[in-house]
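If you read the sequences in order, they're chains A and B.
Residues 1 to 270 in the working numbering are what the first sequence lists, from first letter to last.
Residues 1001 to 1270 in the working numbering are what the second sequence lists, from first letter to last.
Ideal placement from N, C-alpha and C gives every residue a C-beta, glycine not left out.
None of these values were measured; they are calculated from a predicted model.
There are 2 protein chains.
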Amino acid sequence: MNHPKRTAFFISDRTGITVEKLGHSMLSQFDGIEFQLITLPFVDSVEKAREAVIRINTAAMNDAKRPIVFSTLILPAVHRIIEQSDALILDLFKSFIVPLENELGILSSHAVGRSHETGTRYSERMDAVNYALNHDDGGITRDLGKAEIILVGVSRSGKSPTSLYLALQFGILAANYPLVAEDFENHALPNALKPLIPKLYGLTIQAERLAQIRAERMPNSRYASIENCQKEIKQAEEMMRNAGIPMLDVSAISVEEIATTLLHLTGLKR
Amino acid sequence: MNHPKRTAFFISDRTGITVEKLGHSMLSQFDGIEFQLITLPFVDSVEKAREAVIRINTAAMNDAKRPIVFSTLILPAVHRIIEQSDALILDLFKSFIVPLENELGILSSHAVGRSHETGTRYSERMDAVNYALNHDDGGITRDLGKAEIILVGVSRSGKSPTSLYLALQFGILAANYPLVAEDFENHALPNALKPLIPKLYGLTIQAERLAQIRAERMPNSRYASIENCQKEIKQAEEMMRNAGIPMLDVSAISVEEIATTLLHLTGLKR
Chain A
1 MNHPKRTAFF ISDRTGITVE KLGHSMLSQF DGIEFQLITL PFVDSVEKAR
51 EAVIRINTAA MNDAKRPIVF STLILPAVHR IIEQSDALIL DLFKSFIVPL
101 ENELGILSSH AVGRSHETGT RYSERMDAVN YALNHDDGGI TRDLGKAEII
151 LVGVSRSGKS PTSLYLALQF GILAANYPLV AEDFENHALP NALKPLIPKL
201 YGLTIQAERL AQIRAERMPN SRYASIENCQ KEIKQAEEMM RNAGIPMLDV
251 SAISVEEIAT TLLHLTGLKR
Chain B
1001 MNHPKRTAFF ISDRTGITVE KLGHSMLSQF DGIEFQLITL PFVDSVEKAR
1051 EAVIRINTAA MNDAKRPIVF STLILPAVHR IIEQSDALIL DLFKSFIVPL
1101 ENELGILSSH AVGRSHETGT RYSERMDAVN YALNHDDGGI TRDLGKAEII
1151 LVGVSRSGKS PTSLYLALQF GILAANYPLV AEDFENHALP NALKPLIPKL
1201 YGLTIQAERL AQIRAERMPN SRYASIENCQ KEIKQAEEMM RNAGIPMLDV
1251 SAISVEEIAT TLLHLTGLKR
């Protein structure tokens, strides 16, 4: 079956990140339709709302199908203008804020851009990012004991992006430390890690997937060869198993999923 | 007015990140109510759904008020169990997937955890994270020309977390480079940056805010003193203005907002 292209808009009076993620996740439920995705952030005035309507209606004409609009607009004046466009409007606020008002017995603030995050929480997250940067890839070993979690594994198993994501998203003090040839030869964890075993979590990966990731960086290298990947993974898994370090196989999951799964497995709090 | 504490649950059959963000943003519309927030990710079986119902009903008894449940459950069998709990259920999928099915003329896949992100897109994001790590804080200057954006500014103006967020969230090759005393004495940009002026974007900040951020790190230091912050910011702004580098004031906005605003201002694509 041949479906025509459709345009989807994500409209917000703030950054649009929330509505974009939610919209993506809902559109991904519909196979076989090609969506053109357009995010319109900071639509916070009547003028910008009118510009948005022009873009929506132009897409409607070009596609000969009305666009899908996901919106998190809070300002009623802005929302009323968008509603008049030639689109299916899926309004996150109307669907949820009204029932919440009824349940909680108070009116919502209808303010633009409020967030529960306090200044303290925000500076915790930024401190965590700096910590993750300083303790990336075995960087500074001073203060390593302050880590809430230390990811270990072979090169390119996803340790760095996962640490940064844990820091940025959840404010968790996450370090990461590579396991390298020298450690395997010594049949021992790096010295800096030995007193910190309860904080270690291993990332492991299928050799085929690792070889593919490494080959994108260094094609045709020994580093990326399947034989070398198999050997390193086998040695790393053996070392982690002997030290009683739990392991997560990250071959088929994204950094976001690795991070959330680790929180779930370790009980670390967001 | 004294409102009782309420419990809110964010329930997902995947990581729960989307439903959590959306739920936070909606609850932040209700001032004066203290919410206890509980995320239940990976609720992907009938057994886990039953455990979730027990937790919800326990909260309902303890609070003497029914909890609010935000859900992105796709599996009908799991959803039906959660619906029987003693809570206000705000179901993101029912509110949006059904209208989308009608509009698009096909049934949704009702699959767990589909995502539009392709393998290529994902490895672009991971490459961007590695790039941002290597080019953090003026790190490696080789390959600096590959950057799509290079953030400049004084120490602790938010360059590092913003670069990492641009990389992790949007797959953008983002570098950052500090402006330091030596540059101000020379009245000239660092040599590595001179051929790359069109890629530079300045982050600037109010002196009071910078002093506060720096004091959290190094209280009572010259580095964190208001006089030193004022001086550095003045010199950095002058240098950026003379070089024709655009500037964004980040004093009152979060890293997520800085990143999205930069995309908006520069036209860089997500």
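DSSP, reduced to helix, strand and coil, places Asn1176/B within a strand of the structure shown. In this structure, Thr72/A sits near Phe93/A, with a CB-CB distance shorter than 8 Å. Annotation for Arg1066/B: Ala1060, Asp1086, Ala1087 and Leu1088 place their beta carbon closer than 7 Å to its own, counting only its chain and skipping 5 residues before and after. The stretch 1239-1258 of chain B makes contact with the stretch 1149-1159 of chain B, as at least three CB pairs between them are under 8 Å.
According to DSSP, Leu1037/B shares a beta bridge with Ala1008/B. Selection Ala1174/B, Thr1204/B, Ser1225/B and Val1152/B evaluated against Leu1193/B yields Val1152/B as nearest (Cα-Cα).
DSSP places Phe1070/B within a strand segment (E or B) once states are collapsed to three. Contact between the stretch 1043-1058 of chain B and the stretch 1095-1110 of chain B is absent, with fewer than three C-beta pairs closer than 8 Å. Between Gln230/A and chain B, the shortest Cβ-Cβ separation is not below 8 Å. Listed along chain B are Pro1099 and Glu1103, each with a C-beta nearer than 7 Å to that of Leu88/A. Legend: CB atoms of the stretch 183-212 of chain A lying less than 8 Å from CB atoms of chain B are not found in any residue. With contacts defined by Cβ atoms closer than 8 Å, Ile1205/B and Ile1233/B form a contacting pair. Along the stretch 25-58 of chain A, going in chain order, the ones with a CB nearer than 9 Å to a CB of chain B are Ser25, Met26, Leu27, Ser28, Gln29, Phe30, Asp31, Gly32, Ile33, Phe35, Leu37, Thr39, Pro41 and Phe42. The alpha carbon of Lys199/A has as its nearest neighbour, out of Asn176/A, Arg142/A and Pro41/A, the alpha carbon of Asn176/A. Neighbours of Lys21/A across chain B, judged by C-beta separation under 9 Å: Ile1017, Thr1018, Lys1021 and Leu1022. Taking 8 Å as the CB threshold, Arg1121/B stays off the interface with chain A.
Against chain A, the CB of Met1126/B has a partner CB under 8 Å away; the residue lies at that interface. At a beta-carbon threshold of 7 Å, none of the residues of chain A lie near Glu1238/B; the nearest stands roughly 26 Å away. By the Cβ neighbour-count rule, Glu185/A is exposed, with fewer than 16 other Cβ atoms within 10 Å of its own. Linking Val19/A to Phe70/A through their CA atoms gives a straight-line distance of about 7 Å.
With a beta-carbon spacing of about 7 Å, Pro41/A and Arg14/A fall inside the 8 Å limit used to define contacts. Under the Cβ criterion of 8 Å, Glu256/A is counted among the residues facing chain B.
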